[in-house]
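Novice: Residue numbers (my numbering): 15 to 479. For glycine and all other residues, C-beta sits at the position ideal for the given N, C-alpha and C. Because the structure is a prediction, the values reported are computed rather than measured.
1) Quick one, which of 396, 59, 373 has its alpha-carbon nearest residue 315's?
2) Can you tell me the Cα-Cα spacing of residue 161 and residue 194, whole angstroms?
3) Who are the Cβ neighbours of residue 134 in its own chain at under 6 Å, not counting the five residues just before and after it?
4) Can you name, in chain order, every residue of its own chain whose Cβ lies under 7 Å from the Cβ of residue 76, other than the five neighbours on each side?
5) Could you check what DSSP says for residue 344 in three-state terms: helix, strand or coil?
6) Considering Cα atoms alone, identify which of 299, 307, 302, 347 is closest to residue 318.
7) Residue 273: which of 54, 53, 474, 43 sits nearest, CA to CA?
8) Who does residue 76 pair with in a DSSP beta bridge?
9) Roughly how many angstroms separate the alpha carbons of residue 452 and residue 149, rounded to a whole number?
10) Got a sec? Which residues, its chain only, sit under 7 Å from residue 197 by beta carbon, not counting five neighbours each side?
11) The alpha helix (DSSP H) with residue 110 in it runs from where to where?
12) What is the rounded straight-line gap between the Cα of residue 68 and the Cα of residue 257?
13) Based on DSSP bridge pairs, tell me the residues matched to residue 265.
14) What three-state label does DSSP hand residue 173 in the structure shown?
15) Would you list the one or two residues that DSSP bridges to residue 397?
16) Classify residue 405 as buried or exposed, calling it buried when 16 or more other Cβ atoms lie within 10 Å of its own Cβ.
17) Just how far apart, CA to CA, sit residue 466 and residue 56?
18) How big is the Cα-Cα spacing for residue 472 and residue 356?
19) Tell me, please, which residues DSSP counts as bridged to residue 47.
20) Taking the CB atoms as reference points, tell me whether residue 279 and residue 312 lie closer together than 9 Å.
21) Is it buried or exposed for residue 416, if we count other Cβ within 10 angstroms and need 16 for buried?
22) Is the stretch 417 to 426 touching the stretch 392 to 406, taking contact as three or more C-beta pairs under 8 Å?
23) CB residue 349 to CB residue 367, shorter than 9 Å?
24) Quick check: what's the CA-CA separation for residue 220 versus residue 463?
25) Can you give the beta carbon distance from residue 86 to residue 79, rounded, assuming they're within the 8 Å contact cut?
26) By a C-beta neighbour count over all protein chains shown, 10 Å radius and 16 as the cutoff for buried, is residue 105 buried or exposed?
27) Is the beta carbon of residue 459 closer than 9 Å to that of residue 233?
28) With burial defined as no fewer than 16 other Cβ atoms inside 10 Å of the residue's Cβ, what is the status of residue 384: buried or exposed?
29) Hey, quick one: how far does the alpha helix (DSSP H) through residue 436 stretch, first residue to last?
30) What did DSSP end up calling residue 156 once you bin it into helix, strand or coil?
31) Hey, quick one: how far does the beta strand (DSSP E) through residue 204 stretch, first residue to last?
32) Give a yes or no on whether the C-beta atoms belonging to residue 320 and residue 288 are separated by under 9 Å.
33) For residue 385, which three-state DSSP category applies?
34) Below 9 Å between beta carbons: does that hold for residue 74 and residue 44?
35) Hey, residue 300 and residue 277 are a contact pair by Cβ (cut 8 Å); roughly how many whole angstroms apart?
36) Please state whether DSSP places residue 406 in a helix, a strand or coil.
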């Protein structure tokens, strides 16, 4: 696992001591941005470049979040700032389909594949898409779909959210672009694969994804973050989702980064009247992981559902933060996040339901439940309600506990071994979340992975493809 304070560039080793370069993360990324600007041919006078400049200036003033900030007081991300991550990764040319095959959920799914942050056309597949459904790299879309880009890109994920969002906005070059036009439907999930190789060592990648579902449309997509090695790298994606009036969006995120990697992400969702957005968030890899999910319910009759499952072992830290903003009346939200922790792992859950003064008849339920498999694992859970309307129905709760002994006794009495009984109890705990997955291929893929992590009533230290 990564140890903090030991990865900054070393300029001397006298007496066995490591001396850090006298540069802060603010100076480092400002220097990288100056170099990055030179690669942006023809962009210098565009509105996007002005936003990039604003973002890097904001980061130069504020840097990464610290534990002095309320939203980060349980999560120390200083280790990310102690490494001079590079942005240029040599392009990989030799990725074979066999390297990808363990992670392909269904060969019939259309997919976009990014290797070390670069779009890889040879492994991607966009065939037989119906009229009105566009799937391509964001870099291409910025040339061919400018109207949709200008209306939506960077309009919802704000640079002052935190330093990670600011950095992504300053540095992003590519990512996924999905646009579903009015009255268009596509039920089969689009698989977005972000593959990191051993060439990504001490590199940072900034995927930027834009998904726009226009009025009366429907789309499903899967964000999948994967590593082919145990390399240390920094994955920093931002995904903006816009669900128009009566649109239906199913969003799946599967995070399987290297256990030495850092992963910080923002999923920013904007919903219009009578839209339906469902998120399924699965966090398995990474040394330090921070997932932010923010949804704005900006119309009447909206449905928003957030489901999540996280497995933490070793000395992993997985932090899930969510904010559901009820801005208009007659909207429903449901949130269920579950965690399974072992060894010295830590988890943080902070979920906030905000009900604005005009959002009467809001119906919101939030729950965070955690299963602890060792005495050393710890959880900080903070479900919150912030209500400014009087005619609402809102509940929230958080629990931390161990495997139910009565359940173990019941299974043992029927001839099941102690270890198998524990595994079955863990499976049942996770099953409340995985049972909500739609599509047999996707459900089988996730459940198989979760089962592969169990051994003798505990989580394996090394996870498998």
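Specialist: On the basis of the supplied data:
1) A check of alpha carbon separations from residue 315 across 396, 59, 373 identifies 373 as the nearest.
2) Going by the C-alpha atoms only, they are around 14 Å apart.
3) Same-chain partners within the cutoff: 127.
4) Beyond the five residues adjoining it in sequence on each side, residue 76 comes within less than 7 Å, by CB distance, of 177 in the same chain, given in chain order.
5) Residue 344 falls in the coil class under three-state DSSP.
6) When 299, 307, 302, 347 are compared, the shortest CA-CA separation from residue 318 is found for 347.
7) Residue 474 holds the alpha-carbon nearest to the alpha-carbon of residue 273 among 54, 53, 474, 43.
8) None; residue 76 has no bridge partner.
9) The straight-line gap from Cα to Cα measures roughly 21 Å.
10) Taking C-beta separations shorter than 7 Å and ignoring five residues to either side along the sequence, the partners of residue 197 in its chain run 230, 231, following chain order.
11) Careful: residue 110 lies outside any alpha helix (DSSP H) and carries neither H nor E.
12) Going by C-alpha positions, residue 68 is about 27 Å away from residue 257.
13) DSSP output for residue 265 lists 235, 293 as bridge partner(s).
14) If DSSP states are grouped into helix, strand and coil, residue 173 belongs with coil.
15) Looking at the DSSP output, residue 397 sits in a beta bridge with 365.
16) A residue is called buried once 16 or more other Cβ atoms fall within 10 Å of its Cβ, and residue 405, having fewer, is exposed.
17) Approximately 49 Å between the Cα atoms of the pair.
18) Using only the alpha carbons, I get a separation of about 7 Å.
19) DSSP, once it has assigned bridges, lists no residue as partnering residue 47.
20) No, the Cβ-Cβ distance between residue 279 and residue 312 is not below 9 Å.
21) Answer is exposed; the Cβ neighbour count stays below 16.
22) They do not touch, by the three-pair rule.
23) Yes, the pair counts as a contact, with Cβ atoms nearer than the cut-off.
24) Roughly 26 Å separates the two Cα atoms.
25) Between residue 79 and residue 86 the Cβ distance is about 4 Å, and since that is below 8 Å, they are a contact.
26) If you draw a 10 Å sphere on the C-beta of residue 105, you find fewer than 16 other C-beta atoms in it, and that means exposed.
27) No; because the gap between Cβ atoms is not below 9 Å, this pair is not in contact.
28) With a threshold of 16 other beta carbon atoms within 10 Å, residue 384 meets it and is buried.
29) Here the alpha helix (DSSP H) through residue 436 covers 432 to 448.
30) Note: residue 156 maps to helix in three-state DSSP.
31) Per DSSP, residue 204 belongs to the beta strand (DSSP E) from 204 to 210.
32) Taking 9 Å as the Cβ cut-off, residue 320 and residue 288 do not qualify as a contacting pair.
33) Three-state DSSP puts residue 385 in a strand.
34) Result yes, Cβ atoms of residue 74 and residue 44 sit closer than 9 Å.
35) Here residue 300 really is in contact with residue 277; their C-beta atoms are around 4 Å apart, less than 8 Å.
36) In the structure shown, residue 406 adopts coil according to DSSP, grouped into three states.
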